[in-house]
Structures are given as C-alpha cells and as structure tokens.
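See below for the structure under consideration.
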Amino acid sequence: MSRTVCAIDLTSRSVQVLVRRRSGNIEAADFPLPAEALRDGKVLQPPAVQLYLARLMRVLKLRRAEVRLVLSDSACVTRFLAYPRMPPRELERSLRLESARELPMNPASAYLGWETVEADGGQHRVFLVGAWRDIVDGYLEAVEGLGRPKIVEPRSVALARAVGLPDAVLVDWTGERVQAVVVEGYRVTFSTSRTIPSSIADSTARLASFIAGLIPKPSGRRGLLPGRLVLLGELYGRADLAAELIRASGQPFQAILDWLPADPFGRFAASSQAAAIGALMRDQRGAQVAGSFPGVNLLIERNRIMRPQPAVRGRFVIALVVAALMLAVVVGIQIGTLAGAK
C-alpha cells in the first residue's frame with residue numbers, strides 16, 4: 010500500500026477514525042463531538058466537526074491522507090435496478106434518466122453512485138445510490154484540510170462488508186443510535202436507525218424490545234429473515250441482550266457473539282469501528298470476501314471531474330518549442346522570399 014488512508018465514521022455524538030498507514034499498520038481513535046453537531050445524518054456544524062477532526066489527526070500524527078467517509082443511511086436512498094446488457098456509457102446514461110424516476114430527489118442536486126452487482130445472461134442488475142447534495146457537502150466540508158475525500162458510501166454497506174457474511178441481520182450501537190441492517194446474498198436489502206432513549210439504555214429487556222422494533226417482521230416480506238444475528242459496537246459480546254432480543258423479536262436467530270473481522274482488523278472487533286473497518290476493506294489485501302459486496306461510491310462523478318491531468322513530459326515541451334521555432338523560421342523565409350519577389 011503506497012498511501013495512507015483514513016476512514017471516518019461520523020455519528021450523532023462521536024467520530025470514529027481508522028487509519029491505514031503506508032506501512033500497512035492500522036491505528037484507531039475516537040473522539041466525542043459536541044451536542045447538535047450532527048442530527049439525523051446531517052452535519053449541522055461542519056466547522057466544529059472539522060476542528061475536532063483536526064485535533065484527532067494531531068493525536069494520530071497524521072497530516073494528509075486519502076479520506077473515506079461512511080454516510081448515514083438516513084441521507085441515502087438505494088435501489089436495485091435491472092437493465093438489459095449494454096455498453097457502460099449507455100448504462101450510465103440510462104441510470105441518470107432512471108434516477109429521476111426511482112429516487113425522491115432531483116439528480117441535478119444529488120450525488121449519485123452505482124455499480125453492477127450481477128450480470129446474468131442478457132441482464133445487468135445495478136445497485137443505485139443517491140444522496141442529497143447539501144448533506145454530502147456538509148460531510149466534505151467537515152473533513153476539509155485532512156486530505157482528499159475519494160470515497161463516500163452508505164454506512165450499511167460498510168457494516169456489511171466488515172462483517173463479511175452473505176446473509177445476516179446486523180445490529181450496531183454507536184453513539185446514540187442503533188442501526189439494524191439486513192444482508193441477503195451480499196446485498197443490503199434493509200436498513201434503519203433510531204436514537205436510543207436514555208431511559209432504556211440501562212435496561213436489557215427494554216433495550217431488546219426497542220431493537221426488536223427495528224428489525225423487519227417476516228410477515229411483511231417475501232421470505233424469512235437471514236438466520237444469523239451479529240451484534241456490533243456497544244452491543245458486541247452481549248449474550249444477555251442477544252437472548253432477550255431473540256425472545257422479543259420472536260425469530261429463531263443464531264446469535265454470533267465472537268465475530269472477528271479479517272486481519273489486521275481483528276483487534277478492533279469490540280470497538281465501535283465496524284463501519285470504518287468496512288471502508289478500509291474495500292481494497293485491503295487478504296480480505297477477499299470484501300469484493301463480494303458492492304463498492305459503490307457517491308463521489309464517482311466528482312472524482313472524474315477533479316481527476317488531475319497527467320503531467321506533460323519535459324521532452325514533449327521541448328519538442329513543441331523546437332517545432333514552433335522551426336515553423337517561425339519557415340514562415341519568415343517565405344515572407345522574405347515574397348518581399349524580394351516584389
């Protein structure tokens with residue numbers, strides 16, 4: 010790995026940061042954020058968040074890095090769409106037109122990301138993500154000065170990639186919010202989150218009942234939920250909560266209490282870094298299963314526009330100068346010849 014990469018997960022009351030150094034070493038840090046800095050996935054005070062992140066970067070002795078952000082799912086809308094096989098440019102054009110109909114936002118005032126997740130016979134199955142531009146811009150403003158943001162993806166997708174199971178129900182408690190994610194066939198098919206009332210945080214039974222209300226019921230679906238339940242963040246290793254949650258949900262989950270992400274992230278399993286782990290796993294060596302999950306990026310068009318142009322080689326510049334001088338000499342000779350003829 011030739012670059013330092015910084016994955017940032019902004020939550021309602023804290024920021025989780027995971028850094029992969031050029032050497033391959035992984036470092037983690039977290040920092041509390043001021044109240045009302047974020048609300049419902051929107052950065053309300055970008056300058057304040059930027060200040061806290063700058064302090065965190067100093068603690069990590071980090072100057073500049075490639076920045077990857079996980080975006081609250083409340084700021085995203087996702088769709089799985091089917092298209093006939095077509096050239097990439099035609100598919101892109103079709104997605105732009107389709108996004109105006111499929112997404113509850115004006116594509117001109119949104120960030121769009123897409124990826125073909127399945128190509129079967131004559132069909133493309135595409136994962137389309139849209140996010141409101143002002144919300145994403147708030148995140149980008151908050152990380153300004155830390156490095157160049159290269160990737161923004163939904164938090165649910167990052168969580169799914171970190172866990173690495175093709176089918177599972179994930180429940181993550183980070184900051185003040187609990188997020189429930191359903192993964193089926195390496196795809197996030199459902200995600201929701203809510204703020205935990207302070208009155209229930211210390212009661213296992215009430216907390217389990219609250220979380221059970223976030224998990225969709227099989228009766229409202231075409232099939233049963235995945236059978237494995239993974240608890241993340243502050244819920245990690247909570248056997249008491251897992252048992253109570255299975256009872257409250259009425260679903261025969263198999264609770265996985267000893268989940269470990271692929272090396273070198275294993276030592277961060279019990280922290281609230283799962284989403285940041287997933288963001289770093291996009292190109293982590295040895296994490297083969299990560300490639301099974303969508304690598305959608307909401308900055309795909311922004312990166313294309315801002316991609317630096319290749320440096321012009323010195324020899325090419327010299328050749329241009331020489332050619333210009335030769336042309337000037339030829340033109341001068343011709344002018345002199347014409348003048349003499351007169």
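In the working numbering, each number is its position in the sequence shown, counted from 1, plus 9. Positions of the beta carbon are idealized from the N, C-alpha and C atoms, including for glycine. On a predicted model such as this, the values are computed, not experimentally measured, just so you know.
Backbone CA spacing between residue i and residue j [nearest angstrom]
i	j	result
serine 195	proline 206	Serine is not the amino acid found at residue 195; the sequence shown has tyrosine there. C-alpha separation (whole angstroms): 31 Å.
glutamate 150	methionine 114	21 Å
isoleucine 286	tryptophan 268	13 Å
alanine 44	leucine 308	28 Å
phenylalanine 89	leucine 137	6 Å
alanine 91	alanine 221	32 Å
serine 118	alanine 140	9 Å
aspartate 49	tyrosine 245	23 Å
glycine 323	arginine 311	Summary for glycine 323: the model assigns pLDDT 45, below 50, so the residue's position carries little reliability; its value from the coordinates is reported in the next sentence. Looking at the two C-alpha atoms, the distance is approximately 29 Å.
alanine 278	leucine 241	8 Å
glutamate 162	aspartate 211	32 Å
serine 258	serine 218	8 Å
aspartate 176	valine 86	21 Å
glutamate 36	glycine 275	12 Å
glutamate 253	proline 93	46 Å
leucine 47	glycine 131	44 Å
threonine 204	tyrosine 148	20 Å
Beta-carbon gap between residue i and residue j smaller than 7 Å
i	j	result
isoleucine 144	asparagine 306	no
threonine 213	leucine 250	yes
alanine 288	valine 79	yes
alanine 248	leucine 223	no
methionine 290	arginine 170	yes
glutamine 263	arginine 237	yes
glutamate 75	arginine 12	yes
arginine 164	serine 83	no
valine 197	valine 166	yes
alanine 16	arginine 77	yes
tyrosine 120	arginine 102	no
Chain-order list of residues whose beta-carbon lies under 7 Å from that of residue i (same chain, five-residue window excluded)
i	result
arginine 22	Pro41, Leu42, Gly184 and Glu185
alanine 38	Val26, Leu65, Val68 and Leu69
tyrosine 61	Val24, Phe40 and Leu42
glutamate 153	Gln59
phenylalanine 302	Val166, Ala169, Arg170 and Tyr195
glycine 304	Glu124 and Arg291
The alpha helix (DSSP H) enclosing residue i, as first and last residue numbers
i	result
leucine 289	283 to 289
threonine 213	213 to 221
valine 58	55 to 68
glutamate 253	248 to 258
serine 200	Unbroken run through serine 200 is the beta strand (DSSP E), 196 to 204; no alpha helix (DSSP H).
leucine 100	97 to 111
Close-in-space but distant-in-sequence residues of the same chain around residue i (CB under 6 Å, 5 per side omitted)
i	result
glutamate 243	Trp182
leucine 233	Pro227
arginine 215	Ile209
phenylalanine 325	Because phenylalanine 325 carries a pLDDT of 40, less than 50, the predicted location of this residue cannot be relied on, and no value is offered for it.
aspartate 18	Gln25, Val79, Ala284 and Ala285
threonine 125	His133 and Val135
arginine 256	none
threonine 20	Thr183 and Gly184
tryptophan 8	Given a span of 10 to 351 for the chain in the structure shown, any question on residue 8 remains unanswerable.
Residue span of the beta strand (DSSP E) that contains residue i, given as start and end
i	result
alanine 74	74 to 80
leucine 27	23 to 29
isoleucine 144	It is not in any beta strand (DSSP E) - isoleucine 144 instead sits in the alpha helix (DSSP H) that spans 142 to 151.
valine 239	237 to 242
proline 93	85 to 93
valine 305	Here valine 305 belongs to no beta strand (DSSP E), and DSSP marks it neither H nor E.
Within-7 Å CB hit, residue i to chain D
i	result
alanine 288	Considering every chain present, this structure includes no chain D. It has just one protein chain.
Cut-off 8 Å between Cβ atoms - residues of its own chain near residue i, not counting five sequence neighbours on either side
i	result
valine 178	Ala189, Val190, Val191, Val192, Ile224, Leu234, Pro235, Arg237, Leu238, Val239 and Phe262
alanine 63	Gly154 and Leu155
Touch check for the segment 47 to 63 and the segment 98 to 117: three-plus C-beta pairs under 8 Å? The segment 47 to 63 vs the segment 98 to 117: no contact.
When the Cβ atoms of the segment 26 to 36 are set against those of the segment 271 to 286, are three or more pairs found closer than 8 Å? When C-beta atoms of the segment 26 to 36 are compared with those of the segment 271 to 286, three or more pairs fall below 8 Å, so the two segments count as touching.
Taking 8 Å as the threshold, find out whether the segment 100 to 111 comes into contact with the segment 155 to 173 through three or more Cβ pairs. With a cut-off of 8 Å, the segment 155 to 173 and the segment 100 to 111 do not count as touching, because too few Cβ pairs lie within range.
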